[in-house]
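Undergrad: Before I ask anything, here is the structure I am working with.
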Amino acid sequence: MRLDPVTLRLFVAMVEEGTIAAAAEREHIAAAAVSKRIRGLEEVLGIELIFRSNKGIEPSAAGVALLGLARGVLHDLDDIFAQMREFSRGTRGFVRVVANISAITQVMPMALKSFLQTHPQVHIRLDEMTSGDILRVVAENGADIGLFSEWPERPDLEVYHFFNDELVLAVPTGHPLAGRTSVALADTLDYDYVGLHADSSITLQLSKAAAGLGRSVRLKMHVTSFDALSLMVEAGLGIGVLPRGSVLPYLKSMAIQIVPLDDAWARRDLKLCVRSYRSLSIAAKLMTDHLRSVGQDRGAIAVGDDDLTNE
């Protein structure tokens, strides 16, 4: 016989109730079975745990020590069960998300905040990557969820619409293009550009669109974030293309303006990918559903953003 939680629970019940009969009634088991379990426990441990009399039982010194230890073990087992039940319901868990900078700056802060308000014990790891790397990492099971844009999809991934995004042109206040209500890419290619890193989907889209016009983009420098790009534009070092939702926070604090782009490629479909929705953990499924819902809500809200264009 080895120590087991059933025997320990019976021992605790017997000491707390003071008689074998009362312990048997409490645990819904025959009194003879309780007595047999306790005797077996004493034989395994090689020590007397209780003193028996016609008035009931009294724990020995070893029994008192075992009582404290058993209560601790049973409490830990109950806690393990409770935590595993939380995992099975999705109220506890770990979710790995990889996203491009467009999704991180426009959607993820509020999406994570609202998710964690209802699932505070789910731990989320968010890493920024380019769209190509996002698809690869999710396919290799390095992340549960990926958020990407304008990249060839992989057949080994499930892909869902996330939200509609719009790219706009950022120019310094006073720039010749600043007064335009909209502009075509072809009319911007005589100016210097500040771009994101070479592997970003926006840089690749911009270069591809210019090549389609038989032109090239005069990229004066590369930066790694939208705030750095906005600062460079404000300093007059070039113009830049970035998502409308990502530049809006800078319009009131920087001397820059945004001009809508007429080109069809400036309207983008940001997407969410997983290896297999069915095989995701409960927590990852909840996060996937939440992100898709937030993306739909954001698409509806973004329609009213035009009044902020050049404030």
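Just so you know, we're using the numbering used here here: the sequence shown kicks off at 18 and counts up by one.
Even for Gly, the Cβ is constructed at its ideal location relative to N, Cα and C.
Under DSSP, the alpha helix (DSSP H) around Glu251 begins and ends at which residues?
TA: Counting along the chain, the alpha helix (DSSP H) containing Glu251 begins and ends at 243 to 251.
Undergrad: Leu153 lies in the alpha helix (DSSP H); which residues open and close that run?
TA: The amino acid occupying residue 153 in the given sequence is Arg; Leu does not appear at that position. 148 to 156 is the extent of the alpha helix (DSSP H) around Arg153.
Undergrad: Going by alpha carbons, who is nearest to His136 out of Gln274, Ala301, Leu86, Pro172?
TA: Measuring from the Cα of His136, the nearest candidate turns out to be Ala301.
Undergrad: Counting along the chain, where does the beta strand (DSSP E) carrying Val240 start and finish?
TA: 236 to 240 is the span of the beta strand (DSSP E), which, as asked, contains Val240.
Undergrad: Helix or strand or just coil, what does DSSP make of Thr122?
TA: The answer is helix: DSSP assigns Thr122 an H, G or I state.
Undergrad: Could you tell me the boundaries of the alpha helix (DSSP H) in which Leu289 lies?
TA: Segment 284 to 291 is the beta strand (DSSP E) holding Leu289; no alpha helix (DSSP H) there.
Undergrad: So what does DSSP say about Asp322, is it helix, strand or coil?
TA: Confidence is the limiting factor: at Asp322 the pLDDT is only 44, short of 50, which leaves the residue's position unreliable and the question unanswerable from this model.
Undergrad: Using only alpha-carbon positions, find the residue among Leu129, Trp282, Met271 that is nearest to Pro260.
TA: Here the closest residue by C-alpha is Trp282.
Undergrad: Are Phe179 and Leu289 close, meaning C-beta to C-beta below 8 angstroms?
TA: Going by C-beta atoms, Phe179 is nearer than 8 angstroms to Leu289.
Undergrad: Give a yes or no on whether the C-beta atoms belonging to Ala87 and Leu25 are separated by under 8 angstroms.
TA: Against a cut-off of 8 angstroms, the Cβ pair of Leu25 and Ala87 comes out as a contact.
Undergrad: Closer than 8 angstroms by C-beta to Leu254: which residues in its own chain qualify, once you throw out the five before and the five after it? Chain order, please.
TA: Same-chain partners within the cutoff: Asp209, Val211, Lys237, Met238.
Undergrad: What is the DSSP secondary structure of Asn327, reduced to helix, strand or coil?
TA: Interpretation of Asn327 is limited by its pLDDT of 43, a score under 50 that renders its predicted location unreliable; the figure taken from the coordinates is listed afterwards. Three-state DSSP puts Asn327 in coil, outside helix and strand.
Undergrad: Give a yes or no on whether the C-beta atoms belonging to Val276 and Leu194 are separated by under 8 angstroms.
TA: Result yes, Cβ atoms of Val276 and Leu194 sit closer than 8 angstroms.
Undergrad: The alpha helix (DSSP H) spanning Val115 covers which residue range?
TA: Run containing Val115: none in the alpha helix (DSSP H); it sits in the beta strand (DSSP E), 109 to 116.
Undergrad: Sort out for me which residues DSSP pairs Arg197 with in a bridge.
TA: DSSP output for Arg197 lists no bridge partner at all.
Undergrad: By the DSSP assignment, the alpha helix (DSSP H) with Leu221 in it spans what residues?
TA: Element bounds for Leu221: 218 to 229.
Undergrad: Taking the CB atoms as reference points, tell me whether Val258 and Met249 lie closer together than 8 angstroms.
TA: Contact: no.
Undergrad: Just the Cα atoms here: how many angstroms apart are Arg101 and Leu297?
TA: Here the sequence assigns Met to residue 101, which means Arg is not the residue at that position. So the two alpha carbons sit approximately 16 angstroms from each other.
Undergrad: Which first and last residues belong to the beta strand (DSSP E) in which Ser70 is found?
TA: Unbroken beta strand (DSSP E) run through Ser70: 67 to 70.
Undergrad: For the stretch 126 to 133 against the stretch 83 to 98, are there 3 or more C-beta pairs whose distance is under 8 angstroms?
TA: Contact fails: fewer than three Cβ-Cβ distances are below 8 angstroms.
Undergrad: Could you check if Val311 is buried or exposed, using at least 16 other CB atoms within 10 Å of its CB as the buried criterion?
TA: That one is buried.
Undergrad: With burial defined as no fewer than 16 other Cβ atoms inside 10 Å of the residue's Cβ, what is the status of Ala226: buried or exposed?
TA: The residue in question, Ala226, is buried, as its Cβ has 16 or more Cβ neighbours within 10 Å.
Undergrad: Can you name, in chain order, every residue of its own chain whose Cβ lies under 8 angstroms from the Cβ of Leu246, other than the five neighbours on each side?
TA: Counting only Cβ-Cβ distances below 8 angstroms, and skipping sequence neighbours, we find Ala187, Val211, Gly212, Leu213, Val240, Gly257, Leu259.
Undergrad: Given that a residue counts as buried once 16 or more other Cβ atoms are within 10 Å of its Cβ, and exposed if not, what is Tyr267?
TA: So Tyr267 ends up on the buried side.
Undergrad: Under a Cβ-count criterion, where at least 16 other Cβ atoms within 10 Å of its own Cβ denotes burial, should Ile97 be classed as buried or exposed?
TA: That one is exposed.
Undergrad: Taking the CB atoms as reference points, tell me whether Asp279 and Ala201 lie closer together than 8 angstroms.
TA: Taking 8 angstroms as the Cβ cut-off, Asp279 and Ala201 qualify as a contacting pair.
Undergrad: Taking 8 angstroms as the limit between beta carbons, can you name the residues of its chain near Leu91, skipping five residues before and five after?
TA: Hits under 8 angstroms: Pro22, Leu25, Arg26, Val29.
Undergrad: Considering only C-alpha positions, which residue in the set Arg309, Leu303, Thr220, Arg292 is nearest to Asp161?
TA: The option with the nearest alpha carbon to Asp161 is Arg292.
Undergrad: Identify the residues that DSSP records as bridge partners of Val185: which are they?
TA: Its beta-bridge partners are Leu259, Pro277.
Undergrad: Apart from the five residues just before and just after Arg232, which ones in its own chain have a Cβ nearer than 7 angstroms to its Cβ?
TA: Around Arg232: Leu206.
Undergrad: Under 8 angstroms by Cβ, that's how I've got Thr147 and Asn181 pegged, so tell me the actual separation to the nearest angstrom.
TA: Rounded, the Cβ-Cβ distance is 20 angstroms, inconsistent with contact.
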